[in-house]
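Heads up: the structure comes next, in structure tokens.
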Amino acid sequence: MKKLVREVIKDYENEECYPKIFVKYFVLNIPSIINILSNFRGCTDEDLRKGYTVESYLSMIAERIKELKKLKMEFENSLWA
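Laid out in structure tokens, this is it:
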């Protein structure tokens with residue numbers, strides 16, 4: 170997904186605007202996903218069976234949040250380029 174987003178940003182770098190659906194993704198969807206992920210407090214028994222510990226699961230979630238925030242920042246910075 171990150172690669173696709175970066176390709177769209179690159180494709181539109183010389184344009185004045187992005188498609189509405191692309192803007193909506195950054196304005197509504199990414200913040201919603203970050204909010205959902207931020208509310209995870211532990212992992213399920215299934216996740217534990219997959220080899221996660223509570224700490225490693227929460228660390229993985231934190232890393233995904235960090236990646237989403239970085240992607241959102243890349244989009245925001247592209248608006249001023």
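Everything in the sequence shown is counted per this note's numbering, starting at 170 for the first residue and increasing by one. Ideal placement from N, C-alpha and C gives every residue a C-beta, glycine not left out.
DSSP, read as helix, strand or coil, puts Arg210 in coil. In this model, Phe195 and Glu184 are separated by some 18 Å (Cα to Cα). Distance check between Leu217 and each of Arg210, Tyr226, Phe209 places Tyr226 closest, using alpha-carbon atoms only. Separation of Trp249 and Asp214 (C-alpha to C-alpha, rounded to the nearest whole angstrom) is 45 Å. Between the alpha carbons of Cys212 and Pro200 lies a distance of about 22 Å.
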